[in-house]
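Under the UniProt record's numbering, the residue at position 310 of the sequence shown is numbered 310, and the numbers go up by one with no gaps.
Don't be surprised by glycine CBs; every beta carbon is placed ideally from N, CA and C.
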Amino acid sequence: MDKKYKRQQIIVKICCVIASFGLWLYITSVLKPIGTYKKNIPVTIVNSEGIEQSKLTLVPDQKPYVTLTLKCTLNDIYSIKEEQFKIVADLDAYVLKMKKGENNVPVQIQKSPENITIVNSDNLFVNITLDDLIEKTVPLNVYTVGNPKEGYYSTKPSANITDVTVKGAGRFINQIHKAQVKCDISNMYRDLNITLPVQAVDVNGNIIKDVKVHPISTEVRVPIKKAKTVSINVKTTGKLNDNRVLDKITALPEKVDITGEENIINNINSLDTEVINLENVKGEEITSKLIVPKGVTLVNNNGYVKIKIASNYIINKEIPLTVKTINEDKNYSISLDKEQVTLTVSALQEEINNLKPEDIECYIDLKDLKEGQHSLQVKISLPESIKIISISPENITVNIKKKIIVEDENANKDK
């Protein structure tokens with residue numbers, strides 16, 4: 001019983017839906033009732049050129065619209081499209097009344113569908129925002145992106161103009177810091193000449209689009225040449241002063257990159273510095289100019305290098321020495337009037353500090369000398385790098401006497 005009742009209820013509901021739909025079709029198709037509906041329609045702004053005489057301009061990206069109250073059938077409202085309307089705001093008649101900021105401008109309905117009635121057509125206004133019209137000149141910078149083919153290098157790019165004019169709404173013009181052109185040189189291996197668009201950018205490099213840029217494009221040239229790494233040859237003349245001896249001289253950096261035509265740089269393996277007169281060098285570091293051949297350009301270098309000069313000081317030192325004798329005859333006794341001399345030497349400080357007693361020999365040679373008094377020159381043996389300044393005294397007096405042999409008395413008795 002319950003199942004039958006439920007089935008009947010479902011059938012009743014279905015019949016009600018069908019009846020309602022049929023009634024709706026009858027009303028909309030046959031009776032066609034009239035209703036009032038609202039619809040947003042875009043507005044076209046015309047004759048805006050005149051406001052520039054008042055130093056004003058439209059703020060970009062405005063999408064003005066009006067809300068129309070339409071009287072028509074339900075079928076018509078569903079079939080209406082925006083393209084069937086033409087509603088304009090003509091600024092020409094209101095130039096003198098307009099000001100910076102928001103302005104309410106009346107609109108005109110120039111076209112609309114014939115099967116509708118616009119209830120509020122006599123009192124329609126649209127809100128239009130104006131800003132100060134500003135024009136200024138900004139510098140043009142040319143940038144490159146990407147890297148040339150391996151073994152090649154791009155030098156400073158250039159354009160056929162140095163600045164551009166930007167014009168537009170003050171809120172955008174005041175953001176502009178400069179104009180720029182970006183040139184992609186990825187995998188390039190020869191000079192690039194190309195025409196590229198000019199962009200206005202703010203201080204952070206963000207593109208400002210809603211302005212007029214003049215000119216809109218420029219010719220750009222990017223020199224791309226063969227690159228090569230060469231060493232630096234430091235040229236010098238003279239000697240260091242102040243008891244200094246040159247130990248090592250080094251250029252910083254030791255190598256630089258150069259570019260140029262292949263037939264030129266293929267024959268270059270090093271660059272010379274200007275000749276450095278060591279007599280004028282006081283410190284340990286100086287700056288020297290590189291001699292760059294014609295047709296060669298330095299890469300990331302201003303034409304100068306630092307020269308690091310390592311040197312040692314020459315010092316003098318007095319060394320007391322005990323005089324030894326060599327080649328003496330054992331049959332003679334000897335005595336010296338002085339047994340010590342003072343040796344003054346000169347050498348690099350490091351060599352003097354490393355000098356050991358066993359590195360020095362101080363002696364007089366008694367070879368072939370007989371009994372008597374002799375004045376002999378003191379001889380010194382040193383490492384070759386040590387220079388003898390003086391020996392005091394230079395000569396030593398030697399007394400040579402024959403030894404007296406005293407025989408033992410007991411030995412004589414035995415004989």
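Neighbourhood of residue i by C-beta, 6 Å cutoff - its chain only, sequence neighbours within 5 removed
| i | result |
| --- | --- |
| V119 | T69, K71 |
| I45 | A89 |
| T250 | K308 |
| Y153 | A227, T259, V299 |
| N193 | R221 |
| K338 | I396 |
Counterpart residues of residue i in DSSP-defined beta bridges
| i | result |
| --- | --- |
| F125 | P106 |
| G146 | In DSSP, G146 forms no bridge with anything. |
| P139 | D163 |
| H214 | T165 |
| R171 | Answer is none; R171 lacks a bridge partner. |
| P294 | Reading off the sequence, residue 294 comes out as Lys, not Pro. In the DSSP output, where bridge partners are listed per residue, K294 has none listed. |
| N395 | Q377 |
| V341 | L321 |
| Q180 | N141, Q199 |
| V245 | N312 |
| L133 | A169 |
| N40 | T67 |
| K367 | BP columns for K367 are empty, so no partner. |
| G205 | BP columns for G205 are empty, so no partner. |
Assigned secondary structure, residue i (DSSP; H/G/I helix, E/B strand, else coil)
| i | result |
| --- | --- |
| S186 | coil |
| K239 | coil |
| G151 | coil |
| S112 | coil |
| D76 | helix |
| D92 | helix |
| K308 | strand |
| N193 | strand |
| I352 | helix |
| L382 | coil |
| Q199 | strand |
| L278 | helix |
| E358 | helix |
| N263 | helix |
| K100 | coil |
| E83 | helix |
| G50 | helix |
Beta-carbon gap between residue i and residue j smaller than 8 Å
| i | j | result |
| --- | --- | --- |
| V105 | L91 | yes |
| V164 | V198 | yes |
| K225 | G170 | no |
| V275 | K239 | no |
| V138 | A179 | yes |
| L124 | V142 | no |
| P383 | V341 | no |
| I128 | Q62 | yes |
| P148 | N187 | yes |
| A310 | D242 | no |
| G283 | V292 | no |
| L355 | I396 | no |
| Y332 | I400 | yes |
| P60 | T155 | no |
| E82 | I116 | no |
Nearest-angstrom Cα separation, counted from residue j out to residue i
| i | j | result |
| --- | --- | --- |
| T344 | Y313 | 16 Å |
| N267 | R190 | 20 Å |
| R221 | V211 | 26 Å |
| I27 | I87 | Unreliable positioning characterises I27 in this predicted model, as indicated by a pLDDT of 49, which lies under 50. The coordinate reading is nonetheless provided below. Approximately 33 Å between the Cα atoms of the pair. |
| S381 | E361 | 5 Å |
| S121 | E102 | 22 Å |
| D329 | I319 | 29 Å |
| V43 | C183 | 40 Å |
| F172 | S79 | 41 Å |
| K38 | Y65 | 13 Å |
| L376 | K370 | 13 Å |
| N316 | P253 | 36 Å |
| A114 | Y94 | This sequence places Glu at residue 114; Ala is not what is there. C-alpha separation (whole angstroms): 30 Å. |
Neighbourhood of residue i by C-beta distance below 7 Å, restricted to the same chain and skipping five residues each side
| i | result |
| --- | --- |
| T57 | I51, L130, D131, L133, G168, A169 |
| G295 | G260, E261, I264 |
| N327 | D365, L366, K367 |
| S270 | V230, S231, I232, N233 |
| Y363 | V323, K324, T325, I326, K379 |
| Q279 | This sequence places Glu at residue 279; Gln is not what is there. Excluding positions up to five away in sequence, the list reads G238, K239, N241. |
| E350 | N312 |
| G151 | K226, A227 |
| I389 | N316, T344, V345, S346 |
| G372 | I400 |
Contact set for residue i: own chain, Cβ-Cβ below 8 Å, skip 5 residues either direction
| i | result |
| --- | --- |
| K387 | V345, S346, A347 |
| D202 | Q175, I176, H177, I208 |
| G35 | K71, C72, T73, L74, I77 |
| I161 | L140, P215, T218 |
| Q110 | K86, I87, V88 |
Beta carbon proximity, residue i to chain C, threshold 8 Å
| i | result |
| --- | --- |
| N40 | Checking the listed chains, one finds no chain C in this structure; it contains a single protein chain. |
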